[in-house]
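Note that this note's numbering has the sequence shown beginning at 144, numbered continuously upward.
By construction, the Cβ of each residue, glycine as well, lies at the ideal position given by its N, Cα and C atoms.
Here the structure is a predicted model, which is why all the values come from computation and not from measurement.
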Amino acid sequence: MSGVTLALVGAGLRGQSYARHATVAGLGRVTAVAEPDPYRRESAAAEFGVSPDRVYSDWTQLAAAGRVADAAIIATQDHLHMSPAVRMADLGYHILLEKPMAPSEQEATAIADAAKRNKIMLAVCHVLRYTPYTRMLKRLLDGGRIGRLVSVQHLEPVGWWHHAHSFVRGHWRREDTSAPMLLTKSCHDIDWLIHLFGRIPAKVSSFGNLTHFRASERPEGAADRCTDCPLEPSCPYSAKRLYLGCLGDPDSEFWPLSAVTQARTEEGVLQALRTGPYGRCVYACDNDVVDHQVVNMEFPDGATCSFTMSAFTPMGHRRTRLLGTHGYIDGDGRALRLTDFRTGLEEVVDTHEGAGPSAGDGHAGGDEALTDAFLAAVATGDPALLYSDAAESLATHRVVWAAERARATDAVVHLG
Ligand SMILES: NC(=O)c1ccc[n+]([C@@H]2O[C@H](COP(=O)([O-])OP(=O)(O)OC[C@H]3O[C@@H](n4cnc5c(N)ncnc54)[C@H](O)[C@@H]3O)[C@@H](O)[C@H]2O)c1
C-alpha cells in the first residue's frame, strides 16, 4: 500500500496531521502540496520530500496540473471545502475531506453529488467513528447486548480553555465567517450518535446560546488584552497561562500553540498575545457562536436521544449513557460499563484507549484509524473499509442544519 500517493490541499494543523500519519504508517506518500502560507508550504514540502514542481501556493494551481496523485487530503478552512472538493472529484481524485463538509447544505450537496457523479471515494473526517472505543461500542449495540436501543444521553465536554481558543478567539468564533458551532464542532457528535442508532431521526429540537463570553460578563477593570490585564492571574481564560503553559510540551506546542504562533520562546509567545487574536480578552472579542447547546432527537421507532455541548467543563472524552430494553451501557471514552438486565451483572469492557481526546492527541486514535482506513480503501478500491461515504455524511449534516433551524425558530423540525 506504500503506493498510495497523496496531494495535500491545505498544510495547516489538520492537513499536517493526516499527512504525517500516512507517511509514518508507511501507507501513503505526499507527492504534491498546495498551501499559500510560505512557512507551512515549505515545511510540508521538506518534511514529506515533495518534488519542487509539485509544490503550489494555491489549490487551483494544483488542480490545473490535472490528476497528479491517487487521492487528495482537503484540509482547508470550512468555507474553502466545496470548490476544491468538487474540482478534485471531477479530476478523479479520491478525497479525504475535513469536516464539516461545508458551511451550507447547498455546498455540501454539491460535494456529495460530485463524489457520486465521479464514482470516487470521499470520506469526511468524522474521526470519532474510527476510534477503537467506538468500534467496540458499535459491536456491542449491533450484537444486541443491550437489546433495542431506546434512549441515549450524550455530553460533549468542549473544555473551558479549548472553547476560548477555538470558539471565542479563534477561527470558529463567528457564524458569518465560519458556521454555527453545532456544525463546526458538534457535527461529529450528531454524526456519531446517528451512527450508533443506525438511522436518521424523524424530529429534532434544540436550545442554546452565548451566555458567558460576551461584553456584559466582562469583570470591571479587565483590559482588552491579557498581557495588559490586572485581573489576568485570576481569570480562568487567561491567554498567558494557556499559551505560555504549552512551551516545552511537543503535543501542546503543535496544538493549540501553533495556531497562535510559530515562536517557541516566552517572549515570542507574549509578542503574539500582545498583537494577535489569541491575546484578546474573552469578554472583548467579536465572537457570536453559542457556548452551550442541547439537541433532542426522536427516531422513527420512538427512540430518543439528548445531546449536550458545553464550554464549561474540563476538556475530556465524551460521556455517553445508552439505555436499551435488555441492558445499559455507561461509556466514558475509554471504558464501557455494561449492565445486563437478564443477569443483573456488570461487565467492564476496557477499550485500552490510551490517547487523549484532543487534536494534539490525535482524537483518541481516531485520526490514525481514519487515515489508515482511507488509504486502505484507496489502495484496494474497497469503499466498505470506510465507516461512512459522502451521502451518509450529507445525511447527518442535514440533521445538524435541521437542529439549527429548530434552535433559530423555537420549533420542532421534522426530517423527511
Ligand atoms: N476532524 C476534526 O476533528 C477536526 C478538528 C479541527 C479542525 N477540523 C477542520 O479541519 C479544517 C482545517 O482546520 P485547521 O485547524 O487545520 O486549520 P488551519 O487554518 O491550520 O489550516 C488550513 C490551511 O489551509 C490553507 N489554505 C488557505 N487557502 C488555501 C488555498 N487556496 N489552497 C490551499 N490551501 C489553502 C491555509 O493557509 C491553512 O494553512 C477545518 O475545516 C476545520 O474545521 C477538523
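Residue environment analysis places Y273 among the buried positions, since at least 16 neighbouring C-beta atoms fall within 10 angstroms of its C-beta. Within the same chain, R316 and R317 come within 8 Å of D429 by CB-CB distance, once the 5 residues on both sides are set aside. Residue side-chain check: D180 places its Cβ nearer than 6 Å to a non-hydrogen atom of ligand 1. When rounded, the separation of the alpha-carbon atoms in L390 and L156 is 17 Å. In this structure, T447 keeps its C-beta atom at 7 Å or more from the C-beta atom of L416. Comparing C-alpha distances from W335 to each of L205, A154, D434 and H269 shows the shortest one belongs to H269. Between the alpha carbons of E299 and C372 lies a distance of about 31 Å. In the structure shown, T354 falls within a coil segment according to DSSP collapsed to helix, strand and coil. Within the same chain, and ignoring the five residues on either side of L537 in sequence, the residues whose Cβ sits closer than 7 Å to its Cβ are M244, A251, T252 and A255.
Per DSSP, the beta-bridge partners of D473 are R464 and R480.
Restricting attention to beta strand (DSSP E) runs no shorter than 3 residues, the region 230 to 303 encloses them at 237 to 240, 265 to 267 and 292 to 300, ordered along the chain.
Residues of the same chain with a CB within less than 6 Å of the CB of N352, apart from the 5 flanking positions on each side, are V433 in chain order. By the 16-neighbour rule on beta-carbons within 10 angstroms, K262 is exposed. In this model, A258 and P500 are separated by some 30 Å (Cα to Cα). In the structure shown, the three-state DSSP call for H435 is strand.
Within the chosen limit of 6 Å, ligand 1 reaches the beta carbon of G155 through at least one heavy atom. Burial state of L488 is exposed, judged by a 10 Å Cβ sphere holding fewer than 16 other Cβ atoms. Straight through space, the alpha carbons of P399 and A215 are spaced by roughly 25 Å. Between V403 and M264, the alpha-carbon positions lie close to 34 Å from each other. Counting only the Cα atoms, D510 lies some 27 Å from M440. In this structure, the CA atom of R368 is about 15 Å from the CA atom of G313. Using a Cβ-Cβ distance cut-off of 8 Å, the region 164 to 181 and the region 510 to 524 are in contact, since at least three pairs of beta carbons, one from each stretch, lie closer than that value. Using a Cβ distance threshold of 7 Å, T494 and Y276 count as a contacting pair. Excluding the 5 residues flanking it on each side, E360 has same chain C-beta neighbours closer than 6 Å at Y426, in chain order. Linking L271 to L481 through their CA atoms gives a straight-line distance of about 20 Å. Contact between G467 and V293 is confirmed by a C-beta separation of about 6 Å, below the 8 Å threshold. The three-state reading of DSSP puts S321 in coil, since its state is none of H, G, I, E or B. Taking a C-beta distance under 7 Å as the contact criterion, L325 and A177 do not qualify as a contact pair. Within 10 angstroms of the beta-carbon of D332 lie 16 or more other beta-carbons, which makes it buried. Positions of the alpha helix (DSSP H) runs, each at least 4 residues long and wholly inside the region 378 to 451, are given as 382 to 387 and 409 to 418 in order along the chain. The beta carbons of G341 and H469 sit no closer together than 7 Å.
For P246, same chain residues with a beta-carbon under 8 Å away, outside a window of 5 residues either side, are D221, H222, S321, A322 and L326 in chain order. By the 16-neighbour rule on beta-carbons within 10 angstroms, E409 is exposed. E511 sits in a helix when the DSSP states are folded into three classes.
Nearest to Q414 by alpha-carbon distance, out of H237, P393, W202 and L387, is L387.
Shortest gap from the CB of A218 to any heavy atom of ligand 1: under 6 Å.
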